[in-house]
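Note that full-length UniProt numbering gives residue 371 to position 371 of the sequence shown, counting from 1, and the numbers run on in steps of one.
Below is one structure, written out as structure tokens, with a few remarks after it.
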Amino acid sequence: MTHGPGEVVITGVGLAVPSASTPDALLRRTACPVTGPDPEPFDTAARIGRRGHRYKDRATRLALCAALEALRDADLLPSDRESDGPSDGPADAPSDSPSDRETVTVPGDTVGVVASSNLGNLDTACLTTTAIAERSAVDLSPMSLPNASSNVIASWVAIRHGLRGPNLMLCNGPTSGLDAVHWGAALVAAGRVRRVVVVGAETHNAVVEDLLGRSAGELLDGAAALVVEGARWAEARGARGVAALGPYERRAGLTGCVEALLPDAAAPGVWFTPERYAEGPAGAVPVPRAVPRYDVTDAVGRASGALGVLQCVAAVGWLARAAATTGAEPVESAECVEPVESAEPGAGAGSGTAFGAGPGGARDPVPVSRQALITTGDDTADAVAGLLLRPTPDRSHPHPARAPLISMECSR
């Protein structure tokens with residue numbers, strides 16, 4: 001099948017959150033939040049090794065765990081027998097030694113990184129400035145000082161895996177995670193790279209808790225990652241897309257954003273709402289009542305800059321579940337999961353189609369009732385972002401032909 005230069009798919013997902021290792025597990029936790037004691041914090045050492053911790057803050061380590069899992073899921077890392085894997089050597093060894101890296105199996109300059117975190121290294125920045133103000137700059141450790149840089153998360157993900165494409169860090173408030181997904185897709189659609197690792201990470205600590213006025217139990221300590229890739233490049237290497245990126249919008253309010261994404265008041269199959277979204281009176285809510293709602297923050301805590309990426313991972317789980325149950329009975333309510341086909345054509349709205357897959361995307365008609373609507377941001381401020389995520393068929397071939405370079409691609 002021939003793809004447009006801008007068609008972008010998700011070929012890998014990764015999670016580093018407590019008690020949810022897969023998109024389906026995250027979806028289940030979101031549908032039926034667990035009560036009782038908080039789960040144990042995610043063990044980053046079990047995934048990236050002890051040397052992967054050296055001189056890195058918690059948010060960076062979480063991001064590295066999620067990115068590693070996403071790259072593995074996208075089949076962009078060597079198999080276990082070809083890679084040394086995480087090193088458990090002496091803790092005083094350099095953290096960026098070759099044995100501590102897992103380099104991708106494609107040219108490094110064909111892979112970029114876009115990371116999102118509003119509060120990830122806030123503790124390092126605050127403690128650094130406090131030490132300088134109260135004592136002297138000579139008291140600072142030269143090994144920990146780089147963690148005060150706002151782009152430390154994106155940089156370490158690139159360094160660990162040899163990713164030499166564009167490297168961006170977003171700290172853009174409530175919409176930051178979804179904005180990161182959009183800009184990752186834009187880089188691919190524009191031909192700058194063939195694929196991008198998009199990662200969102202946040203953690204809680206005394207500084208973050210004091211700034212937000214919330215306890216640790218209310219805040220995310222975790223990360224999520226996606227590999228977004230040009231559909232033609234994924235097909236060329238035999239990779240399977242688990243979802244396709246549809247249109248993205250950024251508007252002043254939630255209603256305007258949803259109306260721009262859903263022409264003719266179409267009803268999506270599911271709605272991933274903004275953080276702690278409060279339903280308004282009938283007629284004031286931009287999505288029909290029959291559409292199932294999910295708030296990911298009910299499962300993982302208030303997620304700030306990581307929210308949009310977490311929502312996309314959960315939406316991948318919903319799309320897989322919807323595909324598996326097409327024509328079957330709805331999922332039992334005892335499993336705390338809403339029926340996947342509750343938004344039927346004519347149930348309060350039309351069944352319109354998506355009109356694109358992002359910048360330059362293909363125009364394959366996919367009923368909106370089979371798509372996931374993702375929104376994030378603050379409806380009381382000038383910042384709401386939205387994205388449609390849609391199913392994609394398995395277009396890979398056993399022996400795909402090498403895809404030609406597109407005219408604007410800078411990588412070789």
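Quick reminder that beta carbons are idealized off the backbone N, C-alpha and C, glycines included.
Just measuring C-alpha positions, the residue of Arg302, Ala16 and Asn151 sitting nearest Gly213 is Arg302. When DSSP states are grouped into helix, strand and coil, Gly173 belongs to the helix group. For Pro247, the enclosing beta strand (DSSP E) has its first and last residue at Ala243 to Arg251. Burial is judged here by how many other beta carbons sit within 10 angstroms of a residue's own beta carbon; Leu211 has fewer than 16 and is exposed.
Beta-carbon to beta-carbon, Val258 and Ala67 are separated by about 31 Å, too far to satisfy the 8 Å threshold. By the Cβ test, the stretch 381–390 is in contact with the stretch 244–253, since at least three Cβ pairs between them sit closer than 8 Å. Out of Leu254, Val300 and Thr22, the CA that lies nearest to the CA of Gly280 is found in Leu254.
Looking from the CA of Val296, the closest CA among Pro391, Ala278, Pro33 and Ala125 belongs to Pro33. Taking C-beta atoms as the reference points, Gly14 and Leu76 fail to come closer than 8 Å. Taken through DSSP and simplified to helix, strand or coil, Val181 comes out as helix.
Within a 10 Å sphere around the beta-carbon of Arg289 sit fewer than 16 other beta-carbons, which makes this residue exposed. By the Cβ-count criterion, Arg237 is buried, with 16 or more other Cβ atoms from all chains shown falling within 10 Å of its own Cβ. Here Asn147 carries a helix assignment [DSSP, helix/strand/coil]. Between Leu64 and Arg160, the gap from beta carbon to beta carbon is short of 8 Å. Approximately 7 Å separates the beta-carbon atoms of Ser117 and Gly200; this is inside 8 Å, confirming the contact. At least 8 Å separates the beta-carbon of Thr30 from that of Ala372. Counted as a single uninterrupted DSSP element, the beta strand (DSSP E) harbouring Ser116 occupies residues Val111 to Ser116.
Between the alpha carbons of Ala206 and Asp123 lies a distance of about 8 Å.
Bridge pairing for Thr376: Ala385 [DSSP].
For Ala223, the uninterrupted beta strand (DSSP E) segment begins and ends at Gly222 to Gly230. Each residue's CA atom was taken as its position, placing Leu26 and Glu202 some 17 Å apart.
Beta-bridge annotation (DSSP): Gly14 is paired with Ala225. Ranked by Cα distance from Leu168, the first of Asp221, Leu262 and Val152 is Val152. Closest in alpha carbon position to Tyr55, among Asn147, Val8, Thr128 and Thr103, is Asn147.
Approximately 20 Å separates the beta-carbon atoms of Val227 and Ala323; this is outside 8 Å, ruling out the contact.
Nearest in C-alpha terms to Ala186, of all of Val9, Ser369, Gln311 and Pro107, is Val9.
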